[in-house]
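See below for the structure under consideration.
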Amino acid sequence: MEDESDERLLAQIQKRDRQAFSVLVRRHSQRFYRMAWRISGTREEAEDIVQEAFLKLWDRPGLWKPGKGAAFTTWFARIVMNAAIDHVRRARNAARFSTLASAGDEAREDGMPQAQYSREQAALERALHALPLRQKAAIDLSYYEGLSNRDAAAVLGLRVKAFESLLVRARTSLRTHLTREGGNV
Amino acid sequence: MSDGLEKLLAKRASAPESPGLESRILLTAFDESRTRTVGALFREVFVLPHPEYALAASLAAGLLIGLGLGGDSGTQPSDLGDFLYVTEVWL
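First to last, the protein sequences are chains A and B. When we follow my numbering, the leftmost residue of the first sequence carries the number 1, and every step to the right adds one. When we follow my numbering, the leftmost residue of the second sequence carries the number 1001, and every step to the right adds one.
See below:
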């Protein structure tokens, strides 16, 4: 069953097959957790968002409609992304931001001096935090999920042209914010 | 967009690990008490240990439903089904 496609697993899940659900969860939970983390900014919230999304699928497997064109991962990304955006809209505050801004300190990988690296990463996190949530989601889907514009547009429920415009606005906002902070981007 | 921003985005901190997330999701999903219906709870509490109460309670519930008193109380079809099941078993 480990080698079954997502769509085959979903057909089994609709018959209440626990093993199929377990395989799907093990296959995708970390990926969607990372997506939720990049939007919400905290581990606990990201875990809750992903858990709720999978529980929704287990409780109501008929939500998945095979043959509608979208891959499972695109469809489920939409559920997770919408949940994350709703979550952040409800709970956005300065405390959460400080958690995000400090995250860069733990991730230095190159030879850049720690102080400079942290300063740049903190500025980036501030810039991302300042973005409207859908712009932030567009950056996430394009840069970190590696989705095509077509799939990313489907996740956000947009036409491709509208997604491309959103991405351009997000990049422009980021650049403006970083330049204002003295960065060289 | 300039290379500077591209590089900065590429070096963004990655999400912390979430060990045990899969187990947590699966344990919660398969916890049957999470989705237990009112009717299932009724069977568990009354029918198995106290069958004599179950007959009286199911008849009373059937009577209430029959009189339409439960119509706007948020009773779900699955709960009605469970009550009728209990009544059917006893009759």
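Heads up, the beta-carbon is just placed ideally off N, CA and C, and yes, glycines get one too. These numbers come from a predicted model, not from an experiment.
- Item | Backbone CA spacing between serine 22 of chain A and leucine 1026 of chain B [nearest angstrom] | Serine 22 of chain A and leucine 1026 of chain B: Cα-Cα distance of roughly 7 Å.
- Item | Closer than 8 Å to chain B by CB, leucine 174 of chain A | True, the Cβ-Cβ gap to chain B drops below 8 Å.
- Query: With 16 other CB atoms within 10 Å as the buried threshold, where does methionine 35 of chain A fall?
  - Reply: The residue in question, methionine 35 of chain A, is buried, as its Cβ has 16 or more Cβ neighbours within 10 Å.
- Distance, arginine 150 of chain A Cα to arginine 159 of chain A Cα: Whole-angstrom Cα-Cα distance: 8 Å.
- Query: In whole angstroms, what is the alpha-carbon distance linking alanine 83 of chain A and glycine 41 of chain A?
  - Reply: Cα-Cα distance, rounded: 14 Å.
- Message: According to DSSP, is threonine 172 of chain A part of a helix, a strand, or is it coil?
- Response: Of the three classes helix, strand and coil, the one that applies to threonine 172 of chain A here is helix, per DSSP.
- Message: Along the chain, where does the alpha helix (DSSP H) containing serine 1023 of chain B start, and where does it finish?
- Response: Where serine 1023 of chain B is concerned, the enclosing alpha helix (DSSP H) stretches over 1021–1029.
- Reference glutamate 1022 of chain B; option with closest CA among A:Phe163, A:Glu47 and A:Ser165: Per the C-alpha coordinates, the member of A:Phe163, A:Glu47 and A:Ser165 positioned closest to glutamate 1022 of chain B is A:Glu47.
- Query: Whose Cβ in chain B lies nearer than 7 Å to the Cβ of serine 22 of chain A?
  - Reply: Result: Leu1026.
- DSSP three-state call for proline 66 of chain A: helix, strand or coil? Correct three-state label for proline 66 of chain A: coil.
- Inspect the beta-carbon positions of arginine 38 of chain A and alanine 1015 of chain B and report whether they are closer than 8 Å. In contact: arginine 38 of chain A and alanine 1015 of chain B (Cβ atoms closer than 8 Å).
- So is methionine 1001 of chain B in contact with chain A if we call contact Cβ pairs under 8 Å? Below a pLDDT of 50, predicted positions are generally treated as unreliable, and methionine 1001 of chain B, at 47, falls in that range; the measurement from the model is reported next regardless. Methionine 1001 of chain B counts as touching chain A.
- Query: CB-CB under 8 Å to leucine 63 of chain A, same chain, minus the five flanking residues each way: which ones, in chain order?
  - Reply: Contacts found: Lys56 and Leu57.
- Beta-carbon neighbours of serine 5 of chain A, restricted to chain B and to distances below 9 Å: In chain order: nothing, as chain B lies at least about 19 Å away.
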